[in-house]
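Heads up, the thing below is written out as structure tokens.
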Amino acid sequence: MNSEILQTPMMQNVLSLYCVILGLVVGSFLNVVIYRLPRGEMFASSRSHCPHCGHLIRAIENIPVLSFLALRGRCAHCRAPISWRYPSVEALTGFVFFLVWQRYGMTWLTPLYMGFGAALIAAALIDFDHQIIPDEISVGGFFVGLVLMPTAFFLSGHPWRTALEQSVLGALLGGGLLWTVGFVHARLSVAIGRTFEHWPGEGEKIPKPSSADYWLWFPGMGLGDVKLFAMIGAFLGPLDVLEVLIVAAGVGLCFGLLWGFWTRRWVTPLGFGPAIAIGAICVTLRPAAWSLFRFLS
Ligand SMILES: [Zn+2]
């Protein structure tokens, strides 16, 4: 197929639709990942079933979004309500895939950033549910980014070595900055006598500098966020990872304030993960001309 055929409006619409459908299907898979990965059941062979009555979900009941609408949000067998989360994750993934396609078009970055967006959606919701970000996503994604970003640049005829340098720098800067923020925040908190519910854990002492825990263990923001930021840096490079940090801090602050006004409690139970994921997706999708740091390059 030559590129002229791909440029026709008709073909562009077909490809857009294809990207949305791909996103819906991947979103359906993400629902499984979000549920199973933190429970250690990722590779359990059991098929999806209704948590209420155990009814096995048939293929026809598993079509993204459409099945939920057709069943009016209820189990086909026992009519127990199905969470809105499932079709929402599917629709969100379809929307993100559509936007990635609009932003990057027929390039190698499109499939790469679709995978990146999917990983961020899974990380955000697992962090929201369990306040953890699995290493399978953050550390796994970091290595995937480190290998595939240079590969994508090489396949597009750009020097892969520059891309690799950008990925490594981005990961070091992203992970390093977040580690510094977490570490300094923890030490300052200890210095002014502030305590945290889960840190260092009930009846436990603050770790000493001679133990690894002293360096890798801090409250408010876990090591999972540091690893997630290293992954984001590997995919986006050093300048964009700085932008993600700025956007994520803003989003986190807004969430925190909204939560505070809503509940009148100023200790937010939410992890930083969802804000980071929102920031990373926004920076990935924003037009290149909007880059905060473009004056530097
Ligand atoms: Zn049921």
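Heads up, the sequence shown is in my numbering, so the first residue is 1467 and it goes up one at a time.
Don't be surprised by glycine CBs; every beta carbon is placed ideally from N, CA and C.
From a predicted model like this one, the values you see are computed outputs, not experimental measurements.
Classify residue i as buried or exposed, calling it buried when 16 or more other Cβ atoms lie within 10 Å of its own Cβ.
{"i": "Asp1601", "result": "exposed"}
{"i": "Met1687", "result": "buried"}
{"i": "Asn1497", "result": "buried"}
{"i": "Ser1549", "result": "exposed"}
{"i": "Asp1706", "result": "buried"}
{"i": "Ala1714", "result": "buried"}
By the DSSP assignment, the alpha helix (DSSP H) with residue i in it spans what residues?
{"i": "Arg1551", "result": "1551–1570"}
{"i": "His1651", "result": "1626–1657"}
{"i": "Ser1494", "result": "1475–1502"}
{"i": "Glu1527", "result": "Element bounds for Glu1527: n/a, residue is neither H nor E."}
{"i": "Phe1594", "result": "1575–1596"}
{"i": "Gly1441", "result": "Absent from the model: residue 1441. The displayed extent of the chain is 1467 to 1763, so no value can be given."}
{"i": "Cys1748", "result": "1739–1751"}
{"i": "Asp1616", "result": "The sequence given here places Pro at residue 1616; Asp does not occur at that position. Looking at the DSSP string, the run of the alpha helix (DSSP H) that includes Pro1616 is 1601–1621."}
Near residue i, which residues of its chain fall below 6 Å by C-beta distance, leaving aside the five closest residues on each side in sequence?
{"i": "Phe1620", "result": "Trp1626"}
{"i": "Tyr1484", "result": "none"}
{"i": "Ala1542", "result": "Glu1527"}
{"i": "Phe1534", "result": "Pro1553"}
{"i": "Leu1689", "result": "Leu1682"}
{"i": "Leu1591", "result": "Ile1500"}
State the CB to CB distance for the pair residue i and residue j, rounded to an integer number of angstroms; the pair is presumed to be in contact (CB under 8 Å).
{"i": "Leu1490", "j": "Val1531", "result": "6 Å"}
{"i": "Asp1691", "j": "Phe1649", "result": "No, Asp1691 and Phe1649 are not in contact; Cβ-Cβ is about 12 Å, not under 8 Å."}
{"i": "Gly1640", "j": "Ile1698", "result": "6 Å"}
{"i": "Phe1608", "j": "Ala1700", "result": "5 Å"}
Among the residues of its own chain, which have a CB less than 7 Å from the CB of residue i, if the five just before and after it don't count?
{"i": "Ser1676", "result": "none"}
Whose C-beta lies closer than 8 Å to the C-beta of residue i among residues of the same chain, with five residues either side of it excluded?
{"i": "Gly1623", "result": "none"}
{"i": "Arg1540", "result": "Ala1546, Pro1547, Ile1548"}
- Task: Please determine if the stretch 1720–1727 and the stretch 1551–1569 are in contact, where contact requires at least 3 C-beta pairs separated by less than 8 Å.
- Result: no
- Message: Between the stretch 1578–1595 and the stretch 1737–1753, can you find at least three pairs of beta-carbon atoms closer than 8 Å?
- Response: yes
- Counting Cβ pairs, one atom from each stretch, are 3 or more of them under 8 Å apart for the stretch 1650–1664 and the stretch 1618–1635? no
- Could you tell me whether the stretch 1516–1534 touches the stretch 1604–1612, using the rule of 3 or more Cβ pairs below 8 Å? no
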